[in-house]
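First residue of the sequence shown? That's 1 in full-length UniProt numbering, and the numbers climb one at a time after it.
Notes for the one structure printed next.
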Amino acid sequence: MEPRVRAGASRRHPSYRGIRYRSGKWVSEIREPRKSSRIWLGTYPTAEMAAVAYDVAAHALRGTDALLNFPDQIASRPSPLSSSPTHIRVAAAEAAASLMPSSGAGDEGAGAASAAVATVAPQQQPGSYIDEEEIFDMPQLLVNMAEGMLMSPPRLSPHGSDDSPEVSEGESLWSYR
């Protein structure tokens, strides 16, 4: 597969679809067909885990027409119970969890992998913890709000227009002298 490079794609993986690197983790999401909404698939310690999660979601939403990162492995991946975002998210998390490095691979990898499952698994249950900072990009949101505070507020009473009586100095188009 040849790497895809687009303008502004510096945080995306050069060869995997549907993933990007944010805050030291790989995140995966997919746009729902014929909608502007996205399904958040989770954060993962490796690009491959995020790419597999994307593959499961893409296959569930688009079927055999989906462009996949690992097309030869999709048959061995879990499929969602339905096309609901919750079921897609659960199946994507299961597929990514199957790639978790073994505990003998190193303490950092195992800890990061269990942290990734912890950030994805709670989203499966209604009313559970959702990482809003990750979803809403809170650091950037706070920066944007601070920039808004630096702007001067709009004037309460704008300057009069050329049509106002103060500007016309007694000259009127309809003068009856």
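Glycine is no exception: its CB is placed at the ideal position from the N, C-alpha and C atoms.
Boundaries (first-last residue) of the beta strand (DSSP E) holding residue i
i, result
"Ile19", "Ile19 to Arg22"
"Ser28", "Lys25 to Arg31"
Three-state class that DSSP yields for residue i in the structure shown
i, result
"Tyr44", "strand"
"Ser36", "coil"
"Leu155", "Reading off the sequence shown, one finds Arg at residue 155, where the question assumed Leu. DSSP places Arg155 in coil when its eight states are reduced to three."
"Arg77", "coil"
"Met100", "coil"
"Leu67", "coil"
"Tyr16", "coil"
Cβ-based burial, residue i [other Cβ within 10 Å; buried from 16]
i, result
"Pro154", "exposed"
"Met100", "buried"
"Pro71", "exposed"
"Leu67", "exposed"
"Asp65", "exposed"
"Arg89", "buried"
"Gln124", "With a pLDDT of 46 at Gln124, under the threshold of 50, the modelled position of that residue is not reliable, and the figure given next carries that caveat. Exposed, because fewer than 16 other Cβ atoms sit within 10 Å of the Cβ of Gln124."
"Gly63", "exposed"
Distance between residue j and residue i (C-alpha atoms, nearest Å)
i, j, result
"Ser76", "Ala47", "19 Å"
"Ala60", "Val143", "37 Å"
"Leu141", "Gly148", "11 Å"
"Ala118", "Ala96", "Residue placement at Ala118 cannot be trusted, given a pLDDT of 42 that sits under 50; the coordinates are not used to answer."
"Trp40", "Ser28", "7 Å"
"Lys35", "Met151", "35 Å"
"Pro45", "Ala146", "31 Å"
"Trp26", "Asp55", "14 Å"
"Gly24", "Gly42", "13 Å"
"Ile19", "Leu81", "23 Å"
"Ser84", "Leu156", "49 Å"
Run of the alpha helix (DSSP H) containing residue i, from where it starts to where it stops
i, result
"Ile88", "Pro85 to Ala97"
Distance CB(residue i)-CB(residue j) smaller than 8 Å
i, j, result
"Tyr21", "Asn69", "no"
"Pro78", "Ala91", "yes"
"Ala93", "Ala50", "no"
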